[in-house]
């Protein structure tokens with residue numbers, strides 16, 4: 001019996017450690033990096049749109065795993081700030097959004113700052129550590145997506 005109790009404690013310790021690290025990563029989701037100009041919500045929307053494919057609000061909400069009302073607020077703020085523009089598509093009731101020239105400029109500026117930070121973090125970790133991290137995150141995300149069905153939205 002002692003083996004099973006030890007295993008349960010070990011599993012609980014692993015789950016606690018994982019939760020702690022995921023919380024640390026999660027805190028960075030909303031934190032701006034020094035020198036960046038965009039808030040993180042605008043940066044994430046522009047990141048999705050950086051492939052030069054306009055998206056509807058529904059498509060953005062799905063890709064960012066956000067409620068439609070949340071993405072609507074974020075897009076409206078980005079439109080008011082001159083980062084995004086809505087446009088009409090013939091025979092379609094929805095108005096997709098795309099980056100403005102200013103939105104692209106600021107996204108490229110902030111992306112370069114984020115990339116420099118990630119480069120320095122990965123260099124500190126070393127090539128093997130960086131590869132292990134990427135493989136581990138991919139395996140975790142793939143397993144999580146298989147096990148946790150996405151909830152339906154709006």
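Numbering (full-length UniProt numbering), first residue to last: 1 to 154.
The beta-carbon is built from N, C-alpha and C at its ideal position, and this holds for glycine as well.
For my contact list, residue i and residue j are in at a C-beta cut-off of 8 Å; report their separation, rounded to the angstrom.
| i | j | result |
| --- | --- | --- |
| residue 75 | residue 45 | 7 Å |
| residue 43 | residue 107 | 7 Å |
| residue 99 | residue 83 | 7 Å |
| residue 36 | residue 113 | 5 Å |
| residue 78 | residue 71 | Their Cβ separation, rounded to whole angstroms, is 10 Å, which puts residue 78 and residue 71 out of contact at 8 Å. |
Could you tell me which of the options sits nearest to residue i, measuring between CA atoms?
| i | options | result |
| --- | --- | --- |
| residue 27 | 40, 59, 15, 69 | 40 |
| residue 141 | 14, 22, 8 | 22 |
| residue 55 | 65, 69, 95, 78 | 95 |
| residue 105 | 50, 86, 11, 20 | 50 |
| residue 52 | 7, 138, 101 | 101 |
Count the other C-beta atoms from every protein chain shown that fall within 10 angstroms of the C-beta of residue i, then say buried if there are 16 or more, exposed otherwise.
| i | result |
| --- | --- |
| residue 110 | buried |
| residue 57 | buried |
| residue 97 | buried |
| residue 103 | buried |
| residue 1 | Only weak support is given to the placement of residue 1: the predicted model assigns it a pLDDT of 49, under 50, and the question is left unresolved by the model. |
Open item on the list: Which runs of the beta strand (DSSP E) at least 3 residues long sit entirely within the segment 77–103? Give them in chain order.
Closed with: 84–86, 97–99
Open item on the list: In chain order, what are the residue ranges of uninterrupted alpha helix (DSSP H) at least 4 long that sit wholly in the segment 30–78?
Closed with: 40–49, 57–64
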